[in-house]
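Asker:
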Amino acid sequence: MDQNLNAAEEAAGRQLTEQGYCVLEGLIEEEEAAGLDARARQLMADRSGYVKLEGALNPIPALASLCIHPAVLRLAGRFLGAPFYLVNNACMMWCQPGAPGGRLHADWPLGDVPQPYPLWPLLLQTMWMLTDFTPENGATRLVPGTHLSGKPPGTPEDEGEVPALGRRGSVLIWLGGVWHRNGTNTSADQHRMGANVAYIPRFVHRPELWPRVRREIYREFPAQLQQLLERSVEP
Ligand SMILES: O=C(O)CCC(=O)C(=O)O
Numbered sequence: 000m001d002q003n004l005n006a007a008e009e010a011a012g013r014q015l016t017e018q019g020y021c022v023l024e025g026l027i028e029e030e031e032a033a034g035l036d037a038r039a040r041q042l043m044a045d046r047s048g049y050v051k052l053e054g055a056l057n058p059i060p061a062l063a064s065l066c067i068h069p070a071v072l073r074l075a076g077r078f079l080g081a082p083f084y085l086v087n088n089a090c091m092m093w094c095q096p097g098a099p100g101g102r103l104h105a106d107w108p109l110g111d112v113p114q115p116y117p118l119w120p121l122l123l124q125t126m127w128m129l130t131d132f133t134p135e136n137g138a139t140r141l142v143p144g145t146h147l148s149g150k151p152p153g154t155p156e157d158e159g160e161v162p163a164l165g166r167r168g169s170v171l172i173w174l175g176g177v178w179h180r181n182g183t184n185t186s187a188d189q190h191r192m193g194a195n196v197a198y199i200p201r202f203v204h205r206p207e208l209w210p211r212v213r214r215e216i217y218r219e220f221p222a223q224l225q226q227l228l229e230r231s232v233e234p
């Protein structure tokens with residue numbers, strides 16, 4: 000894979016360094032995003048509010064192309080070093096009309112390490128926008144620059160929060176240390192669907208916590224994704 004970042008990715012990398020998050024617009028076709036959104040809603044149809052589908056690569060193997068999108072992998076390589084791995088399979092995050100906002104937090108594994116937290120990333124997160132992300136439908140909210148604070152959020156928790164907005168087919172990327180949460184869905188009829196795919200550097204390793212990818216699904220994935228999933232596949 001070409002390791003060189005293009006101009007948009009360089010700008011995204013600077014924003015990640017300074018603000019802890021960035022949005023890359025239009026990385027996949029809207030039709031592809033809409034298809035994944037529809038499939039995820041079908042699988043969670045009996046649940047309401049803010050709901051998650053863990054281990055999503057098993058029922059939705061078509062998420063594979065998101066997991067190995069070259070722009071994301073180039074940025075992950077820049078921030079995590081090589082080799083890096085996919086953590087926790089993939090997780091669909093569905094914010095239905097009326098769903099409450101989440102609690103502001105920094106991501107695992109920071110809760111397991113002493114403060115001040117290290118400034119280098121232990122986790123690089125992505126949220127693929129399978130619908131538009133708007134201020135009304137529960138777009139992820141982040142507090143810029145807090146990945147440099149070395150600590151988890153205190154109170155008041157929403158100080159300086161901004162919503163990460165984008166069109167369906169875009170991707171939000173954040174470093175695990177930046178404080179964030181899902182927004183409240185204040186709309187009457189607009190849902191928000193995200194596909195969360197995360198990457199770890201090689202020195203972070205807790206596969207017993209992760210929903211594994213089934214062998215028969217793993218076997219069909221491209222070699223590049225198989226390498227990324229080495230730590231997340233069934234024994
Ligand atoms: O669903 C969201 O927007 C936020 C997800 C989140 O907080 C997380 O994955 O840590």
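To convert, note that position 63 of the sequence shown is 62 in numbering that gives the first Met the number 0; the numbers rise steadily by one, no gaps.
Ideal Cβ placement from N, Cα and C applies to all residues, glycine included.
The model shown is predicted, which means the values in this text are computed figures rather than measured ones.
Which class does His179 belong to by DSSP, given the choice of helix, strand or coil?
Answerer: Within the sequence shown, numbered from 1, the residue matching residue 179 stands at position 180. Reduced to three states, the DSSP call for His179 is strand.
Asker: Could you give the distance in angstroms between the alpha-carbon of Glu29 and the alpha-carbon of Arg167?
Answerer: Looking up residue 29 in the sequence shown gives position 30. Looking up residue 167 in the sequence shown gives position 168. Rounded to whole angstroms, Glu29 to Arg167 spans 6 angstroms at the Cα level.
Asker: Could you tell me how far apart the beta carbons of Met126 and Asn195 are, in whole angstroms, since I believe they sit closer than 8 angstroms?
Answerer: Taking the sequence shown and counting its residues from 1, the one referred to as residue 126 is at position 127. Taking the sequence shown and counting its residues from 1, the one referred to as residue 195 is at position 196. The pair is a contact, with the Cβ atoms about 5 angstroms apart (cut-off 8 angstroms).
Asker: Could you tell me how far apart the beta carbons of Leu240 and Ile172 are, in whole angstroms, since I believe they sit closer than 8 angstroms?
Answerer: Residue 240 falls outside the range modelled here, since the chain spans only 0 to 234, and no answer is possible.
Asker: Mapping DSSP to helix, strand and coil, what is Pro162?
Answerer: Counting from 1 along the sequence shown, the entry for residue 162 is found at position 163. Here Pro162 sits in strand by DSSP.
Asker: What residues in its chain sit with their C-beta under 7 angstroms from that of Val161, if we drop five residues either side in the sequence?
Answerer: As a working mapping, residue 161 is identified with position 162 in the sequence shown. The residues are Arg140, Leu141, Pro143.
Asker: Since Glu8 and Ala70 are thought to touch, with beta carbons under 8 angstroms apart, how far apart are those beta carbons, to the nearest angstrom?
Answerer: Walking along the sequence shown from the start, residue 8 turns up at place 9. Walking along the sequence shown from the start, residue 70 turns up at place 71. Confirmed, about 6 angstroms.
Asker: Checking the sheet assignment: what are the DSSP bridge partners for Cys90?
Answerer: Within the sequence shown, residue 90 is the residue found at index 91, counting from 1. Asn195, per the DSSP bridge assignment.
Asker: Does ligand 2 have even one heavy atom less than 6 angstroms from the beta-carbon of Thr145?
Answerer: In the structure on display, ligand 2 does not appear, and the ligands it does have are ligand 1.
Asker: Indicate whether Leu4 and Arg73 have their beta-carbon atoms separated by less than 7 angstroms.
Answerer: Taking the sequence shown and counting its residues from 1, one reaches residue 4 at position 5. Taking the sequence shown and counting its residues from 1, one reaches residue 73 at position 74. Their beta carbons are under 7 angstroms apart, which means Leu4 touches Arg73 by this criterion.
Asker: Take Val86 and list the residues in its own chain whose beta-carbon comes closer than 6 angstroms to its own, dropping the five residues that flank it on each side.
Answerer: Mapped onto the sequence shown, residue 86 falls at position 87. Hits under 6 angstroms: Ala197, Ile199.
Asker: Is the beta carbon of Asn181 within less than 6 angstroms of some heavy atom of ligand 1?
Answerer: Stepping through the sequence shown from its first residue, residue 181 is reached at position 182. Yes, the Cβ of Asn181 comes within 6 angstroms of a heavy atom of ligand 1.
Asker: Tell me whether Phe202 is buried or exposed, calling it buried when 16 or more other Cβ atoms sit within 10 Å of its Cβ.
Answerer: Locating residue 202 in the sequence shown gives position 203, where the first residue counts as 1. Label assigned to Phe202: exposed.
Asker: Give the straight-line distance between the Cα atoms of Trp93 and Val232, rounded to the nearest whole angstrom.
Answerer: Looking up residue 93 in the sequence shown gives position 94. Looking up residue 232 in the sequence shown gives position 233. One C-alpha to the other measures close to 25 angstroms.
Asker: Please confirm whether Thr145 and Val177 have their CB atoms less than 7 angstroms apart.
Answerer: Here residue 145 refers to the residue found at position 146 of the sequence shown. Here residue 177 refers to the residue found at position 178 of the sequence shown. Yes, Cβ-Cβ distance for Thr145 and Val177 is below 7 angstroms.
Asker: Would you list the one or two residues that DSSP bridges to Asn184?
Answerer: Position 185 of the sequence shown, counting from 1, holds the residue named residue 184. Asn184 pairs with Asn136.
Asker: Entirely within the segment 79-123 and at least 3 residues each: give me those beta strand (DSSP E) ranges in chain order.
Answerer: Complete beta strand (DSSP E) runs here, min 3: 83-94.
Asker: Could you check whether the Cβ of Thr139 sits closer than 6 angstroms to any heavy atom belonging to ligand 1?
Answerer: One-based indexing of the sequence shown puts residue 139 at position 140. Flag set: Cβ of Thr139 near ligand 1.
Asker: Is Ser148 buried or exposed, if buried means 16 or more other CB atoms sit within 10 Å of its CB?
Answerer: If you number the sequence shown from 1, residue 148 lands on position 149. By the 10 Å Cβ count, Ser148 comes out buried.
Asker: Taking just the CA atoms, how far does Asn88 sit from Leu228?
Answerer: Within the sequence shown, numbered from 1, the residue matching residue 228 stands at position 229. Within the sequence shown, numbered from 1, the residue matching residue 88 stands at position 89. Spanning the two alpha carbons is a distance of roughly 8 angstroms.
Asker: From the DSSP output, in three-state form, read off Pro206 for me.
Answerer: On the sequence shown, position 207 is the one that residue 206 refers to. Note: Pro206 maps to helix in three-state DSSP.
Asker: Are the beta-carbon atoms of Thr130 and Asp36 separated by less than 7 angstroms?
Answerer: As a working mapping, residue 130 is identified with position 131 in the sequence shown. As a working mapping, residue 36 is identified with position 37 in the sequence shown. Yes. Within cutoff.
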